[in-house]
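Shown next, in structure tokens, is the structure this report addresses.
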Amino acid sequence: MTAPIRIRGFTNEVLKWKPWLDTVNVDTATPAQLAALDEMSPQARTSPYFLVLAHQPEILLQRSIAFNAIMFAPGGMPRAERELGATVESRVNGCVYCASVHAQRFEQLAKRSDVIEQVFEAPASAGTTPREKAIVEFSIKLGAEPDTVSAEDVRALKAVGLGELEILDLIHSVALFAWANRLMLNLGEPVFPADGS
Numbered sequence: 372m373t374a375p376i377r378i379r380g381f382t383n384e385v386l387k388w389k390p391w392l393d394t395v396n397v398d399t400a401t402p403a404q405l406a407a408l409d410e411m412s413p414q415a416r417t418s419p420y421f422l423v424l425a426h427q428p429e430i431l432l433q434r435s436i437a438f439n440a441i442m443f444a445p446g447g448m449p450r451a452e453r454e455l456g457a458t459v460e461s462r463v464n465g466c467v468y469c470a471s472v473h474a475q476r477f478e479q480l481a482k483r484s485d486v487i488e489q490v491f492e493a494p495a496s497a498g499t500t501p502r503e504k505a506i507v508e509f510s511i512k513l514g515a516e517p518d519t520v521s522a523e524d525v526r527a528l529k530a531v532g533l534g535e536l537e538i539l540d541l542i543h544s545v546a547l548f549a550w551a552n553r554l555m556l557n558l559g560e561p562v563f564p565a566d567g568s
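For what it's worth, the numbering used here labels the leading residue of the sequence shown as 372, then goes sequentially.
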């Protein structure tokens with residue numbers, strides 16, 4: 372395994388997350404809360420983040436359905452590229468925790484970390500291929516200035532080989548994390564391994 376990446380406050384390390392609101396107690400959770408947690412993932416019952424969101428089980432359930440459909444659906448954009456879009460959006464928004472999780476997922480799927488180092492260091496110039504550069508540039512623009520995205524930006528993605536379903540998947544991934552980052556950034560804070568538990 373390679374050494375952990377820590378650049379400009381971002382990392383690919385496994386982080387913990389400290390909530391600022393009380394979490395749902397799994398032992399006293401309602402059936403609706405447990406169902407919403409289980410829809411997300413088997414680990415959601417032990418995640419402080421999801422245990423905060425479980426206070427509103429219907430919203431968590433819909434979020435989980437959307438998340439799983441956007442990030443894991445077969446076909447369309449390769450999963451690694453969806454994770455790259457999520458990592459870029461999280462980096463642009465300053466969401467250290469989300470950036471770490473999705474950097475790890477990109478690295479697991481793509482079997483490399485070069486573009487993650489670039490995204491953490493200087494997102495605007497990140498990418499190892501024309502396709503990757505176009506994905507990163509589009510993700511930055513969609514996240515930071517969504518009102519400026521135009522047909523020309525979509526044509527630029529097509530020019531480097533992205534099909535229409537891949538473009539739609541990328542837009543969904545970035546838009547999902549525009550929302551997810553804002554939840555996570557305003558409900559708690561990341562805890563680095565050296566910072567304690």
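Positions of the beta carbon are idealized from the N, C-alpha and C atoms, including for glycine. Quantities reported herein were computed from a predicted structural model and do not represent experimental measurements.
Residues near residue i by beta carbon distance below 8 Å, same chain, minus five either side
{"i": "S568", "result": "Because the pLDDT of S568 is 45, which lies under 50, any placement of that residue in the model is unreliable, and the number read from its coordinates should be weighed accordingly. These residues qualify, in order along the chain: K387, V562."}
{"i": "R343", "result": "Not covered by the structure: residue 343. The range shown for the chain is 372 to 568."}
{"i": "V525", "result": "I538"}
{"i": "A374", "result": "none"}
{"i": "A437", "result": "L547"}
Any non-hydrogen atom of the ligand COA closer than 7 Å to residue i Cβ
{"i": "M411", "result": "Here there are no bound small molecules, and the ligand COA is not part of this structure."}
Assumed close pair residue i, residue j - CB separation to whole angstroms, cut-off 8 Å
{"i": "H473", "j": "E503", "result": "So it is not a contact: roughly 15 Å between Cβ atoms."}
{"i": "L431", "j": "A457", "result": "Contact doesn't hold; Cβ gap of about 19 Å is too wide."}
{"i": "I376", "j": "E488", "result": "6 Å"}
{"i": "S496", "j": "T382", "result": "That pair is no contact at about 20 Å."}
Alpha carbon of residue i to alpha carbon of residue j, nearest angstrom
{"i": "V459", "j": "A425", "result": "27 Å"}
{"i": "M411", "j": "H543", "result": "17 Å"}
{"i": "W391", "j": "K529", "result": "43 Å"}
{"i": "C469", "j": "N552", "result": "7 Å"}
{"i": "P370", "j": "F548", "result": "Only positions 372 to 568 of the chain appear in this structure, which leaves residue 370 out of reach."}
{"i": "L405", "j": "L533", "result": "38 Å"}
{"i": "T500", "j": "S484", "result": "14 Å"}
{"i": "Q414", "j": "F421", "result": "9 Å"}
{"i": "V397", "j": "Q427", "result": "14 Å"}
{"i": "V423", "j": "F443", "result": "23 Å"}
{"i": "T519", "j": "F477", "result": "27 Å"}
{"i": "E537", "j": "G447", "result": "5 Å"}
{"i": "V486", "j": "V507", "result": "10 Å"}
{"i": "A505", "j": "A522", "result": "14 Å"}
{"i": "M555", "j": "A527", "result": "31 Å"}
{"i": "N557", "j": "S510", "result": "22 Å"}
{"i": "Q475", "j": "E384", "result": "8 Å"}
{"i": "M372", "j": "D409", "result": "At M372, the pLDDT of 48 sits below 50, so the modelled position is not reliable; the number obtained from the coordinates is stated separately. M372 and D409: Cα-Cα distance of roughly 31 Å."}
{"i": "Q433", "j": "A403", "result": "12 Å"}
{"i": "A565", "j": "C466", "result": "18 Å"}
{"i": "L541", "j": "T399", "result": "38 Å"}
Residue i, enclosing alpha helix (DSSP H) - first and last residue
{"i": "P402", "result": "402-411"}
{"i": "P428", "result": "428-443"}
{"i": "P419", "result": "419-424"}
{"i": "T394", "result": "First-last for T394: undefined, no H or E at that position."}
{"i": "A565", "result": "No alpha helix (DSSP H) contains A565, which DSSP labels as neither H nor E."}
{"i": "E384", "result": "Premise fails: E384 is in no alpha helix (DSSP H) and is neither H nor E."}
{"i": "Q489", "result": "485-492"}
{"i": "S461", "result": "450-464"}
Sequence-distant residues of its chain with Cβ nearer than 6 Å to residue i (five each side left out)
{"i": "R450", "result": "L480"}
{"i": "D514", "result": "Residue identity check: residue 514 is Gly in the sequence provided, not Asp. Only E460, V463, V545, A549 meet the Cβ criterion."}
{"i": "E560", "result": "K389"}
{"i": "T394", "result": "P419, L422, V423"}
Short CB-CB distance (under 8 Å) between residue i and chain D
{"i": "H473", "result": "Absent from the structure is chain D; it holds one protein chain and no more."}
Delimiting residues of the beta strand (DSSP E) encompassing residue i
{"i": "K387", "result": "387-390"}
Same chain, Cβ closer than 7 Å to residue i, neighbours up to 5 away in sequence not counted
{"i": "S435", "result": "A407, E410, M411"}
> What are the start and end residues of each continuous beta strand (DSSP E) run of 3 or more residues lying completely inside the stretch 498-562, in chain order?
Replying inline: For the stretch 498-562, whole beta strand (DSSP E) runs of length 3 or above, ordered along the chain, are 559-562.
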